[in-house]
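Residues 5 to 359 (our numbering) make up the sequence shown, in order.
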Amino acid sequence: MALALALGRRGLGRTSPNPAVGAVLVKDSVVVGRGWTQAGGRPHAEVEALRRAGTGALGGTLYVTLEPCSHYGKSPPCADAVIAAGIRRVVSALEDPNPEVAGAGHARLRAAGIAVDVGVGADEARRDHAGHIRRIRDGRPNVTLKLAISADGKVAGAGRRPIAITAEAVRDRVHLLRAQSDAIMIGIGTAIADDPLLTCRLPGMEKYSPVRIVLDSELRLPPASRIVASARQTPVWAVTGRAAPRTAEMVLAAFGVGVVRLGRDGVRLDLAAALRLIAERGITRLMVEGGPTLAASLIAADLVDEAILFHAPTIVGPDGVEALETRALSTLTGALKHISSEPVGADRQDIYARG
């Protein structure tokens, strides 16, 4: 199952709205087939593993990180493919919360005489499939908040001036996290102040850059910004209000920016409504790289499911910007469960998630 989980992670950020599943076929203590959900969500992991195993699958055991599907979508049910291959046993980490499956895949396998065990590797699988689970159960993506924090608790310099807080090793780690996300979200304040690109710039992985989303209630996103200039290479969505100027929409659309309007007016966008809207567009794993204003707003609305905090030995000084504006960092870390801590070069990564 550990191998199946590792294989499934190869698809993170590239399979939405489908989950990134991993599958391993074993026969006589030998791995005869491996598979993971392919880009765009198909073929599914089980089908890939069966294809690679060929006739070697007969009588084998399938380890899979999520229940094999039992319904017809854009492809036939994986449960039927498993049965047809003559698999003897299936070890599944989780039951799929999708109401179109929800135990029916396991039931179909058992009805065909296949032994089914559920729960091996469940905790890791829940984290890997958190986006799929959150979208099915709550109608929104799983939200991961990323913050780089100095030793004195700051995220920017005086006057919100962007400064380098963490070192190169963390920047590489962040680019990898981007590649494993379906989308990156920032607020318009960060877009204007930092002019970020928000792509994955690890060698050979540029094509895995996620959708870039800017919350922009009045469509102030500058046409000359780097994110707009690159919209035809890597998708950009500007989420705005109903009353935002149509002329600004036309200008951004000419550069390839997708303008998505929420159904109500207001200077501040409804974050819950924005998350539901982007989930409807297939986003399951959302990383937030915005500034302290957006971070504090998401925390206040109880919309942060995971936090990845990079702590640096850098000292910014008393005029720097606090990580969560007027909120203490403990309002975030105290509301989530500490999952892990590890060094990243000279800095440290701490991960927190809902219990």
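Backbone N, C-alpha and C define an ideal beta-carbon position, used for all residues, glycine too.
- P47 sits in coil when the DSSP states are folded into three classes, being neither helix nor strand.
- Judged by pairs of C-beta atoms under 8 Å, the stretch 209-219 does not touch the stretch 322-336, as fewer than three such pairs exist.
- Using a Cβ distance threshold of 8 Å, A187 and V215 count as a contacting pair.
- Here T41 is near G15, since their CB atoms are less than 8 Å apart.
- The C-beta of R246 has fewer than 16 other C-beta atoms within 10 Å across all chains shown, which makes the residue exposed.
- With contact defined as three or more Cβ pairs closer than 8 Å, the stretch 159-171 and the stretch 250-270 are not in contact.
- In the displayed model, E52 falls within a helix according to three-state DSSP.
- In the three-state reduction of the DSSP assignment, E310 falls in the strand class.
- E293 is the residue among E284, E293, E253 whose C-alpha sits nearest the C-alpha of S185.
- With contacts defined by Cβ atoms closer than 8 Å, A108 and A126 do not form a contacting pair.
- By the 16-neighbour rule on beta-carbons within 10 angstroms, V174 is buried.
- Contact between R130 and I140 fails: their C-beta atoms lie close to 13 Å from each other, not under 8 Å.
- Rounded to whole angstroms, the gap between the alpha carbons of A252 and H342 is 43 Å.
- Taking the Cβ atoms as the reference, L298 lies roughly 12 Å from L279, outside the contact range of under 8 Å.
- With a 10 Å radius around the Cβ and a threshold of 16 neighbouring Cβ atoms, D121 comes out exposed.
- D351 sits in a strand when the DSSP states are folded into three classes.
- Under the DSSP assignment, S96 falls in the beta strand (DSSP E) whose first and last residues are 93-96.
- Of the other Cβ atoms in all chains shown, 16 or more fall within 10 Å of the Cβ of E52; this residue is therefore buried.
- Where D132 is concerned, the enclosing alpha helix (DSSP H) starts and stops at 126-132.
- Per DSSP, T335 lies in no beta strand (DSSP E); the unbroken alpha helix (DSSP H) holding it starts and ends at 334-337.
- DSSP, read as helix, strand or coil, puts S301 in helix.
- DSSP, read as helix, strand or coil, puts L62 in coil.
- Ranked by Cα distance from S213, the first of V147, A183, L9, A350 is A183.
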